[in-house]
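If you're matching them up, the sequences are chains A and B in order.
For what it's worth, my numbering labels the leading residue of the first sequence as 1, then goes sequentially.
For what it's worth, my numbering labels the leading residue of the second sequence as 1001, then goes sequentially.
The beta carbon of each residue, even a glycine, is placed where N, CA and C say it ideally should be.
Okay, structure first, notes after.
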Amino acid sequence: MELSNYLNAMRDASGVPFYPVVFQFFLVLTFALHIMFVNFLLGGVVVSIWARIKATPNMLRLSKALARAATINASLAMVLGVAPLLFVQVIYDPFWYTANSMSAYWAMAFLLILATAFTASYVFYLSGSEKAPGALGWAVFALLALLAAGGVIHALSVEQLLPQMWKSWLISGNEVNAFGKSLYAFEWHRFLHFMAPSLIMAGVYLMLYAWFFQGRKDYNKGYLEETAQMGADLALYATGAQIVIGLWWLFSVPMEFAFYKNPFFLVGAGIGAAFFLFLLTARANPIKNAPITALIAFLTIFFMSYAREALRMVYTGKAGYSIFDYKLSLDWGSTVLFLGTFVMGLIIMAYPILVAVQVAKNGKESNNEGLARLATALPVVWFLVVAGLGIVISLKNGTLF
Amino acid sequence: MYPFWEVPVWTSGIFIALIATFHILPCHLATGAFWFNVFVERKALNENRPGLLDFIQRYTLMILVFCFVYGSLTGVGIWFAATVASPRSISALIHNYVWGWATEWVFFILEIVAIYVYYYTLNRVSPKTHMRIGWIYAWSAWISMVIITGILAFMLSSDSWIRTGGFFDGFFNSTYWPQLFARTALMLGIAGLYAIISASGMQDSRDRNEVIRLASIWGMAGMVFGGIFSAWFLYKMPESAKSLSLSGGLPYLKNMLYAAVVCYGLVFLYMLVAGFLRPQLAGKTLGILMLVVLFLGIGAGEGFREGVRRPYIISQFMYGNQIISADVPAKAIKSEKELFKNGFLAHIYFVPDSLRTITPENEKAAGHIIARHQCGNCHTFDAGGRMRALPALFTKLGMTSKDDIAAWMDAMEGYAYMPPFLGSEEEKQAVAAFLASKMQ
Chain A
1 MELSNYLNAM RDASGVPFYP VVFQFFLVLT FALHIMFVNF LLGGVVVSIW
51 ARIKATPNML RLSKALARAA TINASLAMVL GVAPLLFVQV IYDPFWYTAN
101 SMSAYWAMAF LLILATAFTA SYVFYLSGSE KAPGALGWAV FALLALLAAG
151 GVIHALSVEQ LLPQMWKSWL ISGNEVNAFG KSLYAFEWHR FLHFMAPSLI
201 MAGVYLMLYA WFFQGRKDYN KGYLEETAQM GADLALYATG AQIVIGLWWL
251 FSVPMEFAFY KNPFFLVGAG IGAAFFLFLL TARANPIKNA PITALIAFLT
301 IFFMSYAREA LRMVYTGKAG YSIFDYKLSL DWGSTVLFLG TFVMGLIIMA
351 YPILVAVQVA KNGKESNNEG LARLATALPV VWFLVVAGLG IVISLKNGTL
401 F
Chain B
1001 MYPFWEVPVW TSGIFIALIA TFHILPCHLA TGAFWFNVFV ERKALNENRP
1051 GLLDFIQRYT LMILVFCFVY GSLTGVGIWF AATVASPRSI SALIHNYVWG
1101 WATEWVFFIL EIVAIYVYYY TLNRVSPKTH MRIGWIYAWS AWISMVIITG
1151 ILAFMLSSDS WIRTGGFFDG FFNSTYWPQL FARTALMLGI AGLYAIISAS
1201 GMQDSRDRNE VIRLASIWGM AGMVFGGIFS AWFLYKMPES AKSLSLSGGL
1251 PYLKNMLYAA VVCYGLVFLY MLVAGFLRPQ LAGKTLGILM LVVLFLGIGA
1301 GEGFREGVRR PYIISQFMYG NQIISADVPA KAIKSEKELF KNGFLAHIYF
1351 VPDSLRTITP ENEKAAGHII ARHQCGNCHT FDAGGRMRAL PALFTKLGMT
1401 SKDDIAAWMD AMEGYAYMPP FLGSEEEKQA VAAFLASKMQ
């Protein structure tokens, strides 16, 4: 059996319920959101440790703030990660399932390592108090565990890109290795290319933090300025390092792919370069420039995520696989259900976020009565509509009683 | 077929079982807790009892850490475990219900945003605003259950989906409503137990005892209604499932049902005695012990639900060994039974070239590969295996030779809970040779 035959035979027999390009878009979008919070988490822990070691009053305060943020970022990173995990299984299922099955114990270990990391970050946060900072050992432990988790998921991702190697990894003589104990691929440049942005985003986070709390009386100006400056410097130097690592990675991609000419890559790299140049000027007034810095940073992440997806298409295309050849079993009903819920979710979400922002920024909420009513009513309406639909379908199919 | 993951002694299914069972604890807490939370908060406001807000803070922190670290992780963990243990089945579910899961994901995001804002704005926003955020959480969390129940129920009773291939036909199947009602009631029961544990650490004894008593009422009501709706679920199960379990086709399934009832009964008794009648008896140690009992009960209940699906992993559509068992014309899906009958090895990519042609010299090695894919999801191959070890089963049946085992494989289609062997005669002999070699 040829590799391309295997890959195409392993596509799910049910096909995909909507156009693959839509799944691809959501895969990239949700991955970008996920990786942004992963960056906040990882980079935040690094800076928290560094600030804890520096131990000036300002730095201890910052360390505590980042320790608290780490717990929230961990939850958001994890929940946001569910969506790309789902969509990758829809359009790249043969790659996803093969790689994970080959290294099954590591796929399981990934979760255990993450649980350890999140527990350690919580203990670090909760072991601190108003006056005393958290126990440093837990933060270091959390960082090491996060790096290990990143290493595992990285290796599983690279395995997916090298299907030509799969047989040689698993088959030896008359034996097929079915014990899932090994990781088979690791690329330092690619790994570092995913880790370095954590420092960039931690820098952006610090700038945003200072910008957000600048109106609060309980945050002194010196503290916020020091934080923002540190953030801008960190973002700039880490972006410089990221450009070097990116070039290293680019030269490692097979020349036959001509990836340096790929339009997705060119757009992503262009925005990344613009981000670097912007940071050079943003350092002069990091608090004022924080929102625009964050916006460009997210755009860079989003377009680099598209470049990553474009590279995956090149790799998988070389193996004779294209997501656009997937059998289409159009299902408008469930598609409308998701898209409608997605839009509704954004409206509902706006309310608690607005309240949180108002309280954090001004110490009190403003009048949001209209949005409040809408946000609390929409889930009930959603349920009534879906339950009504369910009852009608159950009656029609004779499955209710 | 995908590469097979062979887990000695227990089979790979043990990972799904452990993770999924554990996941029920935080996920049912996440879905059920806030109805009680908002109820207590309203009481605190209406009766001007700020002491009760102490409970809200404790309970919410517990939900945050337990549900949104370990609950979320184990939720993702089920996917990872299914990915490596039964990739084709999770793939089939995802390709049919991706938008259902994506819809559920929207509610996950709402949950997480709402609970953090709820926790950090306690006493910092107006009570009305705070309760509204609590309501958003409660509804979002419960709706995530409304969605996932459809997919879980589909695995047991796919009903008319086999004919139509329609998302909603499979979703609103014959066991959907009983499962939704039973899970909704039980989530309140589970939330009640957690609330008792959480409230037992409150300082003010009057507030403490009152919250514990209220939580026990919620918990007991949840258990009672959970029992009633579970009975409805048993009534609505497919006939094949009833025959396997209630009629004694596989006696262990009935035992699991009894075990679940006993565990839930113990928890109910605890709530009655140490919650409702003598709330001062409630404490963390005993409460956590009851949580362990509940964990065992959930394990037994979920094990029962999984067990009655046999021989399918997805009702009527896919066998436990991930082979498609039926046509679904609406999706142009063909059963793989006929295809594999003529030769199974040819459809496995990860086979050494030296085993493509079966010979007397290599038949055990070839048989091992086929046995992994056709038997290994449910059975272990070594004598010391703890999960339906084939050597032990064959010894019990008095079939230890290659010929005996091959004859038994011929007869497998007669067992209602076993998928048939699908392969050529030569491949069957190879599997028999491999299994016979494990008898020594």
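Counting C-beta pairs closer than 8 Å gives fewer than three between the segment 1007-1024 of chain B and the segment 1253-1270 of chain B, which falls short of the contact rule. Contact of B:T1103 with chain A by beta-carbon distance below 7 Å involves L337, F338, T341. Among the residues facing chain B, A:P20 is not included, as its CB has no counterpart in that chain under 9 Å away. Considering only A:Y219, A:P84, A:E226, the residue with the shortest C-alpha distance to A:S157 is A:P84.
Relative to B:E1338, the option among B:F1381, B:S1198, B:E1413, B:L1422 whose CA is nearest is B:L1422. Nearest to A:Q164 by C-alpha distance, out of A:Y321, A:K217, A:Y326, is A:Y321. Under the Cβ criterion of 9 Å, A:Q89 is counted among the residues facing chain B.
Residue state for A:E175 is assigned as strand, using DSSP reduced to three classes. With its beta carbon less than 9 Å from one in chain B, A:F26 belongs to the interface. Cβ contact annotation for B:A1185 (same chain, cutoff 6 Å, sequence separation greater than five): G1222, F1225, G1226, F1229, in chain order. The alpha carbon of A:F401 has as its nearest neighbour, out of B:K1043, B:F1055, B:F1167, B:F1233, the alpha carbon of B:F1233.
In this structure, A:L27 lies away from A:A319, with their beta-carbon atoms at least 9 Å apart.
At a beta-carbon threshold of 7 Å, the residues of chain A lying near B:S1091 are D12, Q89, D93, Y97, ordered along the chain. Taking a beta-carbon distance threshold of 9 Å, A:M349 counts as an interface residue toward chain B. A distance below 9 Å separates the beta carbons of B:S1401 and B:A1436. Within the segment 1174-1191 of chain B, contact with chain A at the beta-carbon level (separation under 7 Å) is assigned to S1174, W1177. Going by C-alpha positions, B:R1124 is about 26 Å away from A:P291. Residue A:K288 holds the alpha-carbon nearest to the alpha-carbon of A:E225 among A:K288, A:P254, A:N100, A:A269. Around the C-beta of B:D1207, 16 or more other C-beta atoms lie within 10 Å, and the residue is accordingly described as buried. Taking C-alpha positions only, A:N220 is separated from A:Y205 by approximately 18 Å. Below 8 Å, too few C-beta pairs join the segment 1094-1101 of chain B and the segment 1066-1073 of chain B to call them touching: fewer than three.
Under the Cβ criterion of 9 Å, A:E365 is counted among the residues facing chain B.
Ranked by Cα distance from B:S1160, the options B:I1078, B:F1172, B:L1152, B:G1077 are led by B:F1172. Between A:L311 and A:N262, the CB-CB gap stays under 9 Å. Within chain B, no residue has its beta carbon less than 7 Å from that of A:N39; the closest one is some 18 Å off. For the 9 Å CB-CB criterion, B:S1198 and B:G1275 do not form a contact. Membership of B:I1115 in the alpha helix (DSSP H) is indicated by the continuous run 1087-1120.
In terms of beta-carbon proximity, A:N362 stays away from the interface with chain B, with every pair separated by 9 Å or more. Among the CB atoms of chain B, none fall inside 9 Å of the CB of A:S48.
Within chain A, the residues Y97, S101 have their CB atoms less than 7 Å from the CB of B:P1087, given in chain order.
In the displayed model, B:Y1319 falls within a strand according to three-state DSSP.
The beta-carbon separation of A:I49 and A:L136, rounded to 7 Å, stays under the 8 Å limit for a contact. Residues of the segment 1221-1255 of chain B that bring their beta carbon within less than 8 Å of a beta carbon in chain A are absent altogether.
Under the DSSP assignment, B:Y1312 falls in the beta strand (DSSP E) whose first and last residues are 1312-1314. For A:A356, same chain residues with a beta-carbon under 6 Å away, outside a window of 5 residues either side, do not exist.
Membership of B:S1335 in any alpha helix (DSSP H) is not indicated, and neither H nor E is assigned to it by DSSP.
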